[in-house]
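Here the sequence shown is numbered in UniProt numbering, starting from 1 and rising by one per residue.
Note that beta-carbon positions come from the ideal geometry of N, C-alpha and C, so glycine has one too.
Quick caveat: nothing in here was measured; it's all calculated off a predicted structure.
The structure appears below as structure tokens.
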Amino acid sequence: MSGHGQAQPMTSRRNGPLTGRAEVPGDKSISHRALILGALAVGETKITGLLEGQDVLDTAKAMRAFGAEVIHHGPGSWSVHGVGVGGFAEPAEVIDCGNSGTGVRLIMGCMATSPITATFTGDASLRKRPMGRVTDPLALFGAKAYGRKGGRLPMTVVGAASPVPVRYATPVASAQVKSAVLLAGLNAPGQTVVIEREATRDHSERMLVGFGAELTVEDGAEGRVITLTGQPELKAQTVAVPRDPSSAAFPVCAALVVEGSEIFVPGVSQNLTRNGLYLTLVEMGADIAFENPREEGGEPVADLRVRFGPLKGIEVPPERAPSMIDEYPILSVVAACAEGRTVMRGVKELRVKESDRIDAMARGLEACGVQVEEDEDTLIVYGMGAGGVPGGATCKTHIDHRIAMSFLVLGMAAQKPVSVDDGSPIATSFPAFLPLMARLGADVSDL
């Protein structure tokens, strides 16, 4: 799926309050990792609640290409018969990761310390994204990468025949980089150490421990120090994937900005490395009740009850960015519907996501009548209050699922309909987005 198909324009209109129950899909980050660690384990890993968006399906296909048996049993139910750490076979075909930066970077990591060669590609958006942030630390293990100018896909990775353990301080706050290094460290002797100055989502650490890896996490003078002992025998597990807080953000934020709305969103992950958006919304005055807190699949979860109400602009602490980096596009929509100015700093990582998300949101909000300011690392949105956004524009999505969903949410609250030039990328992470929002009462149509 390296090519992008025909564009699918969509339009969203104000249509009264949103009400009902929103069952969002499984967490994308955890779904990728469950398939990958299942493939590296010995025995049969059983997974429930797996997100069946295209990004995750591409990772499942890749694990088959490396020799694991991956079986789909029904909605959300999968099993993986793993080949063990160091057991990957050399794939016969190019590994196409579609739109998924998480997929390609983690898969590069887990094959980089085996004596095999694999070539990776993706869609037009993924081929623009930098891979050097992953291939540079993988080179320290002994792997070699050959790609296009600027370290971009298509790229061939030659795994290390005699890998060595690595001590690596991540130069950017990136769970993808951290996870790629830890996965590479699985098949290296001795101890691989990753040092994070800023903590990022910790799903890899949690799941590695759950599969039987020897891993410790300590706070040191340099930051968060993660130490992995290489060459373990990972043991197959039963994994229950919690619901994705990044996907839940869209119906949650829609309910916050559409007058009269009240929705219930069950079983959403409340992992502290992922809940920055929800902390921010509460600080803005959002009416969100976190009910029935519990643990599922090793992850904290809660049910969310969300009601419309007045919101105020705030300054988001820049150190919160790693815990909500995927949620800034939808936060900027909430900010447009709040009273006063919302300042988002420390967000330069958004420049190198599926699109330049700062630019994409700024241009789309401006087209809808919202005043914004931006620089390389900052986005400032001047809120227009509930129902105050004029709308009436067609916004460019740049083959980015989160940009598409964010502007469709804006259309639910704006005075005039908001269109997107292409909603087809939504299927990569949230294939049920349109029917779910329709059941809540939203008016979104594909043209």
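Beta-ladder partner(s) of residue i, from DSSP
i, result
"residue 149", "Partner(s): none; residue 149 has no beta bridge."
"residue 394", "419"
"residue 300", "295"
"residue 382", "341 and 371"
"residue 118", "157"
"residue 290", "304"
"residue 167", "193"
Under 8 Å between C-beta atoms of residue i and residue j
i, j, result
"residue 184", "residue 113", "yes"
"residue 327", "residue 277", "yes"
"residue 302", "residue 258", "no"
"residue 57", "residue 99", "no"
"residue 10", "residue 420", "yes"
"residue 239", "residue 47", "yes"
"residue 347", "residue 358", "yes"
"residue 190", "residue 230", "yes"
"residue 531", "residue 82", "Residue 531 lies beyond the residue range present for the chain, which begins at 1 and ends at 447; the question has no answer from this structure."
"residue 111", "residue 131", "no"
"residue 396", "residue 441", "no"
"residue 200", "residue 215", "no"
"residue 90", "residue 116", "yes"
"residue 344", "residue 316", "yes"
"residue 17", "residue 53", "no"
"residue 27", "residue 244", "yes"
"residue 311", "residue 252", "no"
Coil, strand or helix - residue i by DSSP
i, result
"residue 273", "coil"
"residue 63", "helix"
"residue 319", "helix"
"residue 349", "helix"
"residue 266", "strand"
"residue 280", "helix"
"residue 185", "helix"
"residue 87", "coil"
"residue 52", "coil"
"residue 12", "strand"
"residue 123", "coil"
"residue 210", "helix"
"residue 44", "strand"
"residue 100", "coil"
"residue 255", "helix"
"residue 138", "helix"
"residue 6", "coil"
"residue 399", "coil"
Any C-beta of chain D under 8 Å from that of residue i
i, result
"residue 129", "Of the protein chains in this structure there is only one, and it is not chain D."
Contact belief for residue i with residue j at Cβ below 8 Å, rounded distance in angstroms
i, j, result
"residue 306", "residue 255", "4 Å"
"residue 335", "residue 383", "6 Å"
"residue 350", "residue 325", "7 Å"
"residue 241", "residue 51", "7 Å"
"residue 465", "residue 411", "Summary: the structure shown does not reach residue 465, with the chain confined to residues 1 through 447, and so no result is reported for it."
"residue 368", "residue 392", "7 Å"
"residue 217", "residue 205", "6 Å"
"residue 323", "residue 274", "6 Å"
"residue 235", "residue 43", "6 Å"
"residue 309", "residue 287", "4 Å"
Pairs of beta-carbons, one from the segment 372–384 and one from the segment 400–409, closer than 8 Å: are there three or more?
Using a C-beta cut-off of 8 Å, the segment 372–384 makes no contact with the segment 400–409, since fewer than three inter-stretch Cβ pairs fall below that distance.
Meets three-Cβ-pair contact criterion under 8 Å: the segment 162–177 and the segment 205–212:
no
Assess, as a yes-or-no matter, whether the segment 278–293 is touched by the segment 72–89 under the definition of 3 or more beta carbon pairs within less than 8 Å.
no
Do the segment 167–183 and the segment 104–111 touch if we need at least three Cβ pairs shorter than 8 Å?
yes
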